[in-house]
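J.: Below is one structure. I have some questions about it.
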Amino acid sequence: MAAARPSPDALRQSLVRLGHLDFDDFLLLDPRLLASSLILQPSSLSDWSLALTNSPHILLHLRRSVNLQSAICNLQSDRVGQCLSTSSIASAQARLVRAFAYELLRAKAPPLYDTLPWHDWNFSIVTRRFSLWKTKLLLAGDGTTVTMCRCRKSAGVYALEPNPTIARYLERKAVLEKVRRLRVLGCSLAASLPLPAASVDLAIVGSVPSLDTDNWKLATQELLRVAANVLLVENNPLCSPLAETPLTDAGFRPDSVAVSGLDQRRCWWRLSRT
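If you count the sequence shown from 1, position 198 lands on 197 in numbering that gives the first Met the number 0, and the numbers rise without skipping.
Written out as structure tokens, the structure is:
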């Protein structure tokens with residue numbers, strides 16, 4: 000009988016241990032990433048309110064995001080005059096570190112992030128359909144650090160990576176792995192891509208934890224603008240499944256791919272040819 004897979008919370012806790020993560024590591028994250036947690040996820044407000052009580056350096060870091068200003072003011076006003084125990088503050092900080100463990104590990108230790116098993120999936124689903132030597136690729140999302148090494152002899156590779164730490168890691172690894180014609184673009188799928196229409200033969204996108212459903216719709220439209228063919232791989236077990244209806248309406252068809260440590264995972268093809 001196959002062993003039970005760990006829950007998402009257990010996986011996040013293992014990432015905390017792997018990276019020796021703590022609350023100070025939030026200084027490594029772009030405040031714009033945290034804005035969605037404070038504004039779009041009201042359930043986290045209480046923990047942030049507690050966690051920031053004795054962390055003026057983190058509070059100052061968050062204030063660098065204009066979108067967080069009003070939320071932070073509300074958090075502070077909620078705690079005026081309250082006597083808080085150090086244990087309750089520490090518990091709130093630990094919960095937030097666990098909730099953001101994946102993002103914190105990416106920012107703090109790219110080599111450890113790179114070794115996560117689900118970044119490696121069976122690339123033969125691509126090579127069965129495409130001749131890499133004449134295929135120009137766009138890579139984004141989870142697994143890019145591994146997938147780019149499968150594209151050493153392609154016609155060229157664009158890698159989307161908004162995190163400067165991971166972007167520099169990609170460039171260094173590309174040199175070591177002899178990945179030819181790699182260009183790292185410092186932008187995310189949530190933005191307009193700095194590429195001409197139909198400039199890429201195949202876009203390969205792993206799971207993207209920071210994209211919500213509405214942003215995924217916009218990202219899909221942008222991918223279809225720049226790429227003749229698109230493959231979406233749901234390889235990250237910490238991410239919610241992609242919504243099926245918008246994808247099928249856009250012409251995507253479901254498939255499956257073997258992901259290291261997870262067996263079969265769902266993926267989606269949008270092909271200009273069969």
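The C-beta atom is built at its ideal place from N, Cα and C for all residues, glycine as well.
1) Three or more C-beta pairs under 8 Å: does that hold for the stretch 135–144 against the stretch 42–49?
2) Alpha carbon to alpha carbon, how far is isoleucine 88 from histidine 19? Give it in angstroms, no decimals.
3) In chain order, what residues of the same chain have a beta carbon less than 6 Å from the beta carbon of tyrosine 112, not counting five sequence neighbours either side?
4) Counting only the same chain and skipping the five closest in sequence on each side, list residues whose C-beta sits under 6 Å from that of leucine 192.
5) Any contact between the stretch 234–246 and the stretch 153–161? By contact I mean 3 or more CB pairs, one from each, below 8 Å.
6) What are the uninterrupted segments assigned as beta strand (DSSP E) that are 3 or more residues long and contained completely in the stretch 136–223, given in chain order?
7) What would DSSP say about arginine 11, mapped onto helix, strand or coil?
8) By DSSP, does aspartate 330 sit in helix, in strand, or in coil?
9) Would the stretch 51–63 count as touching the stretch 3–12 if we require 3 or more Cβ pairs under 8 Å?
10) Specify whether the stretch 231–242 and the stretch 184–191 touch according to this definition: at least 3 beta carbon pairs, one from each stretch, less than 8 Å apart.
11) Name the DSSP bridge partner or partners of glutamine 263?
12) Within this structure, are the beta carbons of leucine 169 and valine 183 separated by less than 8 Å?
13) Under the three-state reduction of DSSP, which class applies to leucine 39: helix, strand or coil?
14) On a CA-only basis, which of Lys216, Pro195, Lys172 and Trp267 is nearest isoleucine 274? Give me that one, please.
15) With a 10 Å radius around its C-beta and 16 neighbouring C-beta atoms as the bar for buried, classify histidine 118 as buried or exposed.
16) From proline 236 to arginine 265, what does the alpha carbon distance come to, in whole angstroms?
17) List the endpoints of the continuous beta strand (DSSP E) containing alanine 227.
18) Alpha helix (DSSP H) containing serine 45: first to last residue?
19) Could you check whether alanine 257 and asparagine 121 sit closer than 8 Å to each other, using their CB atoms as the reference points?
20) Just curious, the alpha helix (DSSP H) that histidine 118 is in, first and last residue?
21) To the nearest angstrom, how far is the alpha carbon of alanine 227 from that of threonine 219?
22) Sort out for me which residues DSSP pairs tryptophan 268 with in a bridge.
23) Taking the alpha carbon of phenylalanine 99 as the reference point, which residue from Ser86, Leu32, Ile124 and Met147 has its own alpha carbon closest?
24) Shortest alpha-carbon distance to serine 187 belongs to which of Ala196, Val145 and Leu159?
25) Would you call lysine 135 buried or exposed, if buried means 16 or more other Cβ atoms sit within 10 Å of its Cβ?
26) Alpha carbon to alpha carbon, what distance is there between arginine 62 and arginine 144?
27) Beta-carbon within less than 7 Å of alanine 166's beta-carbon, same chain only, minus the 5 sequence neighbours each way: which residues are those?
28) Along the alpha helix (DSSP H) that carries proline 55, what are the first and last residues, could you check?
T.: The short version:
1) The stretch 135–144 is not in contact with the stretch 42–49.
2) Your numbering for residue 19 matches position 20 in the sequence shown. Your numbering for residue 88 matches position 89 in the sequence shown. Near 19 Å, if we compare the C-alpha coordinates of isoleucine 88 and histidine 19.
3) What you label residue 112 is simply residue 113 of the sequence shown in a count that begins at 1. Excluding sequence neighbours, tyrosine 112 sits near Leu104 and Arg105.
4) Within the sequence shown, the letter at position 193 stands for residue 192. So the qualifying residues of the chain are Glu221 and Val225.
5) Fewer than three Cβ pairs drawn from the stretch 234–246 and the stretch 153–161 lie within less than 8 Å of each other, which leaves the two stretches out of contact.
6) Residue ranges of uninterrupted beta strand (DSSP E) with 3 or more members, entirely inside the stretch 136–223 and ordered along the chain, are 155–159, 181–184 and 199–204.
7) Sequence index remark: in the sequence shown, residue 11 carries index 12 (1-based). The answer is helix: DSSP assigns arginine 11 an H, G or I state.
8) Only positions 0 to 273 of the chain appear in this structure, which leaves residue 330 out of reach.
9) No, the stretch 51–63 is not in contact with the stretch 3–12.
10) Counting Cβ pairs under 8 Å, fewer than three are found: no touch.
11) Locating residue 263 in the sequence shown gives position 264, counting from the first residue. The secondary-structure analysis by DSSP pairs glutamine 263 across a beta bridge with Ala257.
12) If you number the sequence shown from 1, residue 169 lands on position 170. If you number the sequence shown from 1, residue 183 lands on position 184. It is a contact, given that the beta carbons lie within the stated cut-off.
13) As a first step, residue 39 must be located in the sequence shown, where it is residue number 40. Low confidence applies to leucine 39: its pLDDT is 48, below 50, so where it sits in the model is not reliable, and the reading given next is rough at best. DSSP places leucine 39 within a helical segment (H, G or I) once states are collapsed to three.
14) With the chain represented from 0 up to 273, any question about residue 274 goes unanswered, as that position is not in the structure.
15) Translated into positions along the sequence shown, residue 118 becomes position 119. So histidine 118 counts as buried.
16) Walking along the sequence shown from the start, residue 236 turns up at place 237. Walking along the sequence shown from the start, residue 265 turns up at place 266. As the crow flies, the alpha-carbon of proline 236 is around 11 Å from that of arginine 265.
17) Position 228 of the sequence shown, counted from the start, is the residue given in the question as residue 227. Its beta strand (DSSP E) spans residues 226–232.
18) Residue numbering aside, residue 45 sits at position 46 when the sequence shown is read from its first letter. Taken as a continuous stretch (DSSP letters only), the alpha helix (DSSP H) holding serine 45 covers 44–50.
19) Indexing the sequence shown from 1 puts residue 121 at position 122. Indexing the sequence shown from 1 puts residue 257 at position 258. Yes. Within cutoff.
20) Sequence index remark: in the sequence shown, residue 118 carries index 119 (1-based). No alpha helix (DSSP H) holds histidine 118; DSSP gives it neither H nor E.
21) As a working mapping, residue 227 is identified with position 228 in the sequence shown. As a working mapping, residue 219 is identified with position 220 in the sequence shown. Straight-line Cα distance between these residues: approximately 12 Å.
22) Along the sequence shown, one-based indexing puts residue 268 at 269. Answer is Leu230 and Arg252.
23) Taking the sequence shown and counting its residues from 1, one reaches residue 99 at position 100. Closest option to phenylalanine 99, Cα to Cα, is Leu32.
24) Position 188 of the sequence shown, counted from the start, is the residue given in the question as residue 187. Considering only alpha carbons, the answer is Leu159.
25) The residue given as residue 135 occupies position 136 in the sequence shown. Lysine 135 is buried by the Cβ-count criterion.
26) Along the sequence shown, one-based indexing puts residue 144 at 145. Along the sequence shown, one-based indexing puts residue 62 at 63. Here residue 144 turns out to be threonine, not arginine, going by the sequence shown. When the Cα atoms are used, threonine 144 and arginine 62 turn out to be separated by approximately 31 Å.
27) Position 167 of the sequence shown, counted from the first residue, corresponds to residue 166. Only residues of its own chain outside the window of five on either side were considered, and among them Glu160, Val183 and Gly185 have a CB closer than 7 Å to the CB of alanine 166, listed in chain order.
28) Residue numbering aside, residue 55 sits at position 56 when the sequence shown is read from its first letter. 55–61 is the extent of the alpha helix (DSSP H) around proline 55.
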